[in-house]
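A.B. asks:
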Amino acid sequence: MSRRRGSGGLLSFFGIATIVLIVLNVIVFFGVQMTDELKIYDINWAENCTKNKYTANAVYNEEYYACPKSATRDGGYDIDYCKKISDDACIYTYTDGLSLVGKNASEKPWTFITSMFMHVDLNHLFGNMLFLFILGGIVEAAIGIRKYLLLYFLAGIFGGITMIFMTSVGLVSDNVSILGASGAIFGVLGAAAILRPMQIIYIYFLPMPLIVIGLIYIGLQAFYIFTGGEAGVANGAHMGGAIVGIIAAIYLRNKAKKQEI
């Protein structure tokens, strides 16, 4: 990365707010998600449960126990265990109840925020935090901490709203859990591409200007949306976040130019 070191030391160089956001995400993952004692380890079964729990032809018993009928009938599952988890059946962990789900979004509006600090696994966390580390300081230095944080959270929230809209028109199942900081980070990417288009950073050891990186990554999200999307990836949230970042950056750039006149 080619950035000028500011007078505030390393924290200012990489972005104070950016470092705080990264630390919070890491704490939530390792300190909360990884220590959740209510984990359901059979992810495939849990996904199937989510898929069928809310359908008219659910394969689960009428009490909505989180167990297949056949398994309950044949004694394959402990019925008391099924009753115990019936209230929160189909969530992988207790903390996954903090992820954003289209069907429940209006009942749990806080999940638009909490979902931004949840991650599926270590790879998901690492990838998001790496991009936030690379891009966050650039945007934070360009517009200041307050505007940067406002942009970050607005991008993340609008990314969630975009996914909710996609569920409402049938493009995405309304039982899909949406979690991760990707929508917010795509907002940061969109802003960086507008505010510092020719700044060079390294992606996969290749030097590229931010405008090119933005066009590639944001363009891919548009492609995936119109071709059915990537399995398990919230492309709509990425695009929604990017749109907020681009619009906000254009507004701030034009405002700064007017003040210079």
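Start counting the sequence shown at 267; every next residue gets the next number (the working numbering).
From the three backbone atoms N, C-alpha and C, an ideal C-beta is built for every residue, glycine too.
Which residues in the same chain as H385 place their Cβ atom closer than 6 Å to its Cβ, once the five residues preceding and following it in sequence are excluded?
C.D. replies: F295, L391 and G446
A.B. asks: Check whether the Cβ atoms of G480 and A459 sit closer than 8 Å, and answer yes or no.
C.D. replies: yes
A.B. asks: Quick one: grab the DSSP three-state call for M505.
C.D. replies: Helix at M505.
A.B. asks: For M300, which residues of its own chain have a beta-carbon under 8 Å away from its beta-carbon, when the five flanking residues on both sides are left out?
C.D. replies: none
A.B. asks: Between V298, L461, P475 and M429, which has its C-alpha nearest G507's C-alpha?
C.D. replies: M429
A.B. asks: Between which residues of its own chain and I513 is the CB-CB distance below 6 Å, once the five residues before and five after are set aside?
C.D. replies: none
A.B. asks: At the level of alpha carbons, what is the spacing between Y414 and E526?
C.D. replies: 21 Å
A.B. asks: For Q419 and A450, which I take to be in contact (beta-carbon distance under 8 Å), what is that distance rounded to the nearest angstrom?
C.D. replies: At residue 419 the sequence reads Phe, which differs from the Gln that was named. Indeed they touch by this definition, with Cβ atoms about 7 Å apart.
A.B. asks: Heavy atom of the ligand SAH less than 7 Å from the Cβ of G506, yes or no?
C.D. replies: Among the components of this structure there are no ligands whatsoever, and the ligand SAH is therefore not found.
A.B. asks: In this structure, does DSSP put V499 in helix, strand or coil?
C.D. replies: coil
A.B. asks: Y468 lies in the beta strand (DSSP E); which residues open and close that run?
C.D. replies: I466 to I469
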